[in-house]
Amino acid sequence: PIAVVKDTMSGTNQWTALDGTQSSDPDGKIVSYHWSQVSGPKTEIAYPDSKYAYTFTPSAENTLTFKLTVTDNEGKTSSSIAKVMVKS
């Protein structure tokens with residue numbers, strides 16, 4: 524599989540989408556998605572096991588880093604990192 528995510532910008536104190544829909548598996552299909560936070564002020568991740576997850580941004584400017592791990596029908600995994608730059 525190939526995990527694909529993009530960096531994004533967001534305002535403070537709002538829900539922001541994490542998009543894993545560009546991830547693919549050329550010789551099969553992706554059977555699971557999992558988002559986790561790597562760095563930045565700890566925040567909630569809504570729907571961490573779906574293509575789209577959402578995170579609530581902090582009240583001050585910062586950078587949050589998230590990892591998407593995808594698993595295919597053969598049990599192989601791939602991960603990619605996305606940064607959310609929070610600006611006020």
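Mapped onto our numbering, the consecutive letters of the sequence shown carry residue numbers 524 to 611. Ideal Cβ placement from N, Cα and C applies to all residues, glycine included. Keep in mind it's a predicted model, so treat the numbers as computed, not measured.
- Closest in C-alpha terms to Pro-564, from the list Ile-525, Thr-592, Lys-610 and Thr-588, comes Thr-588.
- Only residues of its own chain outside the window of five on either side were considered, and among them Ala-526, Lys-590 and Thr-592 have a CB closer than 6 Å to the CB of Ser-602, listed in chain order.
- Close CB contacts of Pro-581 within its chain, under the 7 Å cut and outside five residues either way in sequence, are with Thr-535, Pro-564, Thr-566 and Val-609 (chain order).
- Comparing alpha carbon positions, the residue from Ser-533, Asn-596 and Pro-571 closest to Ala-583 is Ser-533.
- The residues Gly-543, Asp-572, Ser-573, Lys-574, Leu-591 and Val-593, in chain order, have a CB closer than 7 Å to that of Tyr-556 in the same chain once the five nearest residues on each side in sequence are set aside.
- Selection Lys-599, Ile-604, Lys-606 and Ser-611 evaluated against Asp-548 yields Lys-599 as nearest (Cα-Cα).
- Rounded to whole angstroms, Ser-562 and Gly-551 show a C-alpha spacing of 32 Å.
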